[in-house]
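The next block holds one structure in the form of structure tokens; read it before the comments.
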Amino acid sequence: MIKIIASGLMVLMLSACSAQYPNQQITGKQFPTISGQSLEQKSVTIPSDFKADKTLLLIGYKQDSQFDIDRWLIGLDMAGVTLPTYELPTIAGMAPRMFSTFIDSGMRKGIPKELWGGVITIYEDGEAVQKFTGNNNPNNTRVILIDSKGKILHFYDRGFSVEALNNLKEKIK
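First residue of the sequence shown? That's -14 in our numbering, and the numbers climb one at a time after it.
Printed below as a string of structure tokens:
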């Protein structure tokens, strides 16, 4: 019974809403310096650790964001887009940080090991990222294309569509 109550409290704490921030248009701005840890347990500082000319960030704020992220990943693959792409589960609040080991372990169980380096979980800077992009419609992926210095070349946050994918492909060229 105690395990059930503890599990219920944990789910309640993890599902609690963080502050609401209006969606922003951030194209042309500098991506903020944030840190996270890949599922391989390597510390990553974004954007400075990304050296490619262009890097794509797929940011999700809720577990339900994974559906949209998956659509983007499938669309990118089908379109032959090959630039470095990272999933950034970005979770704000103290409760998720307290359970980060549990959360990351759960993600590792659902993601093939060879993909763990491409999933970087953001806990400590989660609130800052949500405030920067806005978090209305949190199930929608924040699709951010940055250059090697972290300048945002493209931003989209309205859910996957073929038109949005084609617009992104134009910016990647």
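Even for Gly, the Cβ is constructed at its ideal location relative to N, Cα and C.
Only counting the same chain, and skipping five residues up and downstream in sequence, which positions put a Cβ closer than 8 Å to that of S20?
S28, V29, T30, I31, I107, E109 and D110
Would you check if the distance between the CB atom of L130 and the CB atom of L150 is smaller than 8 Å?
no
Within a Cβ cutoff of 6 Å, which residues of the same chain sit near K14, ignoring the five residues on either side of it in sequence?
I137
Count the C-beta pairs between the region 57 to 75 and the region 33 to 42 that are closer than 8 Å, then say yes if the count reaches three, no if not.
yes
For V(-4), does the three-state DSSP call read helix, strand or coil?
For V(-4), the predicted model reports a pLDDT of 45, less than 50, meaning its position is unreliable and no value from the coordinates is stated.
May I have the straight-line CA-CA distance separating N124 from E112, to the nearest angstrom?
16 Å
From I44, L43 and Q22, residue whose alpha carbon lies closest to that of D34
Q22
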